[in-house]
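Student: Sharing a structure, written as structure tokens. Questions coming.
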Ligand code: AMP
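In the numbering used here, the protein residues as written are 8 to 313.
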């Protein structure tokens, strides 16, 4: 995206420095955070603006990388102090993960402020940050066409009432299956989605990792598998890349319909599958839209029934 282009999609979320351990590798000081993954993924489809905060220690090469993705950075605050830090370790199955460290740093006092140029953007993605901050962003926007919110276990435990209120103000809630069960108190995902739809959104999009995703609405459901991969290097941020690719694709089309949502789920899955092939944003940084289209067409063929 050209920095002067009008922002069609605003993404709010965390910008982080991550340390990641897998059974095979240990990597330090990686660029991470929900907003980083979501913006990078969305940038393949639409003009995206980031709202977040970093500290003065944030490496200039990571800022350059954001720019190379064409992400508009007017909404990214640089504050005295250290950037948010997070460390996680994956189990042998590369699915279960332990959090080793969460250091809020500049995040502790963060108040997201939308630059005037972002306020009329038609699409908004509230990535994983505290529901309080998500609500503060909702108070600043001018009736976007479509709002998507993501969350995590931490907020379901710590701030469930604020989270419920936020969910009531958006069009689509996305979360992973264990979070859907936790938030709804229901094990069956069909029952869970019904409870979550009762909070107010038109759609609930449940992410199931390597088993794909399911979209629920009052009208029914739609199933999307995950693109099969032989080797996964680092699953961190897969959900954020999926969501970023999903909303980015919707924003590119402009109109939200059942068909557009299904197509966006396909592109979200494709982008997420590339993302996990390397640590941090490394694979996405080397990716072209032709690579994305090629895999999307391969994937369509894998899913076709007649
Ligand atoms: P995911 O794998 O989709 O859960 O996203 C992982 C990213 O979320 C990592 O890059 C972390 O920096 C970031 N993260 C971890 N914990 C939090 C938190 N409490 N709030 C915001 N972002 C977080």
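The beta-carbon is built from N, C-alpha and C at its ideal position, and this holds for glycine as well.
Identify which residue in 268, 257, 137 has its Cα closest to the Cα of residue 17.
Tutor: By one-based count along the chain shown, residue 17 stands at place 10. The shortest C-alpha separation from residue 17 is found at 257.
Student: Pull the bridge partners of residue 27 from the DSSP assignment, please.
Tutor: On the chain shown, position 20 is the one that residue 27 refers to. Paired residues: 34, 95.
Student: Name the DSSP beta bridge partners of residue 156, please?
Tutor: For this step, residue 156 is matched to residue 149 along the chain shown. According to DSSP, which records beta bridges pairwise, residue 156 is partnered with 133, 180.
Student: Where do the N-terminal and C-terminal ends of the beta strand (DSSP E) with residue 213 fall, by residue?
Tutor: Stepping through the chain shown from its first residue, residue 213 is reached at position 206. That run of the beta strand (DSSP E) goes 210-214.
Student: Compute the minimum distance between the beta carbon of residue 5 and the heavy atoms of the ligand AMP, and state whether it is under 8 angstroms.
Tutor: Because the chain in this structure spans residues 8 to 313, residue 5 falls outside the shown range and cannot be described.
Student: Does any heavy atom of the ligand AMP sit closer than 8 angstroms to the C-beta of residue 278?
Tutor: In the chain shown, counting from the first residue as 1, residue 278 sits at position 271. No, the beta carbon of residue 278 sits no closer than 8 angstroms to any heavy atom of the ligand AMP.
Student: What does the alpha-carbon distance come out to for the pair residue 49 and residue 251?
Tutor: Counting from one through the chain shown, the residue named residue 49 turns up at place 42. Counting from one through the chain shown, the residue named residue 251 turns up at place 244. Rounded to the nearest angstrom, the two C-alpha atoms are 5 angstroms apart.
Student: So for residue 144, helix, strand or coil by DSSP?
Tutor: Taking the first residue of the chain shown as position 1, residue 144 is located at position 137. The answer is helix: DSSP assigns residue 144 an H, G or I state.
Student: Ordered along the chain, which non-local residues of its own chain (more than five positions away) have a Cβ less than 8 angstroms from that of residue 139?
Tutor: For this step, residue 139 is matched to residue 132 along the chain shown. 166, 169, listed in sequence order.
Student: Check whether the Cβ of residue 142 lies closer than 8 angstroms to any heavy atom of the ligand AMP, and answer yes or no.
Tutor: On the chain shown, position 135 is the one that residue 142 refers to. Checking the Cβ of residue 142 against the ligand AMP gives no.
Student: Apart from the five residues just before and just after residue 6, which ones in its own chain have a Cβ nearer than 8 angstroms to its Cβ?
Tutor: For residue 6 there is no data in the structure shown, the boundaries of the chain being 8 and 313.
Student: Please confirm whether residue 131 and residue 173 have their CB atoms less than 9 angstroms apart.
Tutor: Along the chain shown, one-based indexing puts residue 131 at 124. Along the chain shown, one-based indexing puts residue 173 at 166. Result no, Cβ atoms of residue 131 and residue 173 do not sit closer than 9 angstroms.
Student: Kindly confirm or deny that the region 279-295 and the region 43-60 touch, where touching means at least three C-beta pairs closer than 8 angstroms.
Tutor: The region 279-295 is in contact with the region 43-60.
Student: My guess is that residue 245 and residue 219 are in contact by the Cβ rule of under 8 angstroms, so how many angstroms apart are they, rounded?
Tutor: Taking the first residue of the chain shown as 1, we reach residue 245 at position 238. Taking the first residue of the chain shown as 1, we reach residue 219 at position 212. At roughly 12 angstroms, the Cβ-Cβ gap does not stay under 8 angstroms, so residue 245 and residue 219 are not in contact.
Student: Is it the case that the CB of residue 31 approaches a heavy atom of the ligand SAM more closely than 8 angstroms?
Tutor: Among the ligands present in this structure, namely the ligand AMP, the ligand SAM is not found.
Student: CB of residue 13 to nearest heavy atom of the ligand AMP: below 8 angstroms?
Tutor: Translated into the one-based positions of the chain shown, residue 13 becomes position 6. No, the beta carbon of residue 13 sits no closer than 8 angstroms to any heavy atom of the ligand AMP.
Student: Within the continuous alpha helix (DSSP H) that includes residue 43, where are the two ends?
Tutor: Along the chain shown, read from residue 1 onward, the residue named residue 43 stands at position 36. Per DSSP, residue 43 belongs to the alpha helix (DSSP H) from 41-49.
Student: Out of 302, 307, 286, state which residue places its alpha-carbon closest to the alpha-carbon of residue 34.
Tutor: On the chain shown, position 27 is the one that residue 34 refers to. Checking every option, the nearest Cα to that of residue 34 belongs to 286.
Student: Please classify residue 309: does DSSP put it in a helix, a strand, or coil?
Tutor: Counting from one through the chain shown, the residue named residue 309 turns up at place 302. If DSSP states are grouped into helix, strand and coil, residue 309 belongs with the helices.
Student: What are the boundary residues of the alpha helix (DSSP H) that includes residue 202?
Tutor: Stepping through the chain shown from its first residue, residue 202 is reached at position 195. Taken as a continuous stretch (DSSP letters only), the alpha helix (DSSP H) holding residue 202 covers 196-204.
Student: What's the call for residue 312, buried or exposed, on a 16-neighbour Cβ count within 10 Å?
Tutor: Residue 312 sits at position 305 when you count from the first residue of the chain shown. Exposed: under 16 other Cβ atoms inside 10 Å.
Student: Quick test of your reading: residue 141 and residue 126, contact by CB under 8 angstroms. State the CB separation rounded to the nearest angstrom.
Tutor: Locating residue 141 in the chain shown gives position 134, where the first residue counts as 1. Locating residue 126 in the chain shown gives position 119, where the first residue counts as 1. Not quite, the Cβ-Cβ distance comes to about 16 angstroms (not below 8 angstroms), so this is no contact.
Student: With a threshold of 8 angstroms (Cβ to nearest heavy atom), would residue 159 be considered close to the ligand AMP?
Tutor: The residue you call residue 159 lines up with position 152 of the chain shown. Answer for residue 159: yes, Cβ within range of the ligand AMP.
Student: Are the CB atoms of residue 187 and residue 203 nearer to each other than 9 angstroms?
Tutor: By 1-based counting over the chain shown, the position of residue 187 is 180. By 1-based counting over the chain shown, the position of residue 203 is 196. In contact: residue 187 and residue 203 (Cβ atoms closer than 9 angstroms).
Student: Please state whether DSSP places residue 101 in a helix, a strand or coil.
Tutor: Against the chain shown, residue 101 aligns to sequence position 94. Residue state, collapsed to three classes: coil.
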